[in-house]
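Chemist: Just passing along the structure, written as structure tokens.
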Amino acid sequence: MSIPLISGLSAIADRADAFILDLWGVVHDGVEAYAGARDTLVALRAAGKQSLLLSNAPRRAEALVEQLARMGIERALYDYVLSSGEAVHLELQARTDPFYAGLGRNLYHMGPERDVNVFEGLDYVAVDLAHADFILNTGPWDVEETVEDYVPAMKQALQRGLPMVCANPDLVVMRQGQPVVCAGALAERYAEMGGIVSMRGKPDPAIYVQALKILGLPASRVMAVGDALHTDVRGANQAGLAGAVFVTQGIHAKDLGIKPGDNPTQDRLDHFVAAHGDVPAAAIRTFIW
């Protein structure tokens with residue numbers, strides 16, 4: 004198995020009418036937009052391709068639009084935006100899924116203040132852990148915190164049998180080259196400790212069903228672009244998309260033995276993908292046309 008290493012999305016653009024794009028690790032690094040990202044969005048639009056930004060961000064879509072605008076990625080450059088936080092908001096609102104229908108109305112927000120829009124405006128009350136019916140996990144309060152910082156609270160929650168809703172399945176992201184723990188890592192530990200966890204976001208097939216409905220296209224005419232094999236590539240493959248383009252300069256750069264601006268060797272790329280098991284249709288150094 005050899006993964007095609009392409010120089011730009013234009014090389015495979017004829018395979019799709021729309022692209023589902025990851026944000027963190029593809030369009031931006033958590034602080035700034037990557038060089039060339041804006042131009043690539045412009046090129047996608049000029050080529051007549053729809054674009055849907057799909058992020059495992061524990062915030063609602065409008066918050067991501069505002070964040071992108073501050074980075075110089077204005078709203079006119081992409082067609083749609085969908086986030087794991089938005090998906091959780093909709094589940095908490097609808098309460099049609101049996102898991103969510105069974106939740107109480109008192110939640111303990113395990114996460115920073117900036118993520119409260121996931122439940123703001125809904126019929127829930129944020130309370131302390133001792134009075135909560137469930138945990139809403141949007142990730143660590145501080146970028147320097149680790150999973151271990153949250154184990155005491157998790158033990159307390161387990162004693163009360165509290166279920167957890169996770170608004171971001173990502174385990175870690177790279178913020179300007181430094182790893183930052185995400186909500187998914189907290190949820191993973193809680194599940195290992197015996198807790199019940201529900202997640203929304205990549206690679207959950209449900210969020211791709213929603214994305215395809217928004218795009219109005221069959222899965223066979225949509226490709227994904229992302230830097231995480233276990234979420235972006237796995238999710239695209241499970242959803243039956245035309246394939247995923249793996250951005251090598253993202254979260255797996257260290258695993259691939261590359262520095263900024265470098266391409267991995269073909270042998271290193273192929274062996275890493277084979278060991279991981281989630282196979283992309285192609286690999287690309289950065290998000291570039």
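Residue numbers for the sequence shown, in my numbering: 4 to 292.
For every residue, glycine included, the Cβ atom is placed at its ideal position computed from N, Cα and C.
1. Let me know if M202 comes out buried or exposed under the rule of 16 or more other beta-carbons within 10 Å of its beta-carbon.
2. Using 8 angstroms as the threshold, is the stretch 112-128 in touch with the stretch 172-184, meaning 3 or more CB pairs across them?
3. From V154 to V130, what distance separates their C-alpha atoms?
4. By Cβ distance, which residues of its chain are closer than 7 angstroms to V176, with the 5 residues on each side in sequence left out?
5. Could you check whether L24 and L56 sit closer than 9 angstroms to each other, using their CB atoms as the reference points?
6. Is the CB-CB distance between P7 and A214 below 9 angstroms?
7. Identify the continuous alpha helix (DSSP H) that holds R271 and give its terminal residues.
8. Is the beta carbon of S87 sitting closer than 9 angstroms to the one on I261?
9. Sort out for me which residues DSSP pairs F137 with in a bridge.
10. Among T99, E89, R98, A97, which one has its Cα closest to the Cα of V121?
11. V225: which of L12, G11, A21, R192 sits nearest, CA to CA?
12. Touch check for the stretch 147-166 and the stretch 41-48: three-plus C-beta pairs under 8 angstroms?
13. Here's the rule: buried if 16 or more other CB atoms are within 10 angstroms of the residue's CB, otherwise exposed. What is L272?
14. Which whole-angstrom value is the C-beta distance of V250 and G229, which I expect to be below 8 angstroms?
15. Should the stretch 159-169 be called in touch with the stretch 188-204, which here means at least 3 C-beta pairs below 8 angstroms?
16. Taking Cβ to Cβ, would you say I291 is nearer than 9 angstroms to G11?
17. Please report the distance separating the alpha-carbon of L139 from that of L110.
18. Is the separation between the beta-carbon of V236 and that of A222 shorter than 9 angstroms?
Modeler: Quick answer:
1. buried
2. no
3. 19 angstroms
4. Only W27, G28, G33, V183, C185, I254 meet the Cβ criterion.
5. yes
6. The answer is no: Cβ separation not under 9 angstroms.
7. 269-279
8. In this structure, the beta-carbon distance from S87 to I261 does not fall below 9 angstroms.
9. L110
10. E89
11. A21
12. no
13. buried
14. 7 angstroms
15. yes
16. yes
17. 6 angstroms
18. Contact annotation: V236 and A222 have beta-carbon atoms that are not nearer than 9 angstroms.
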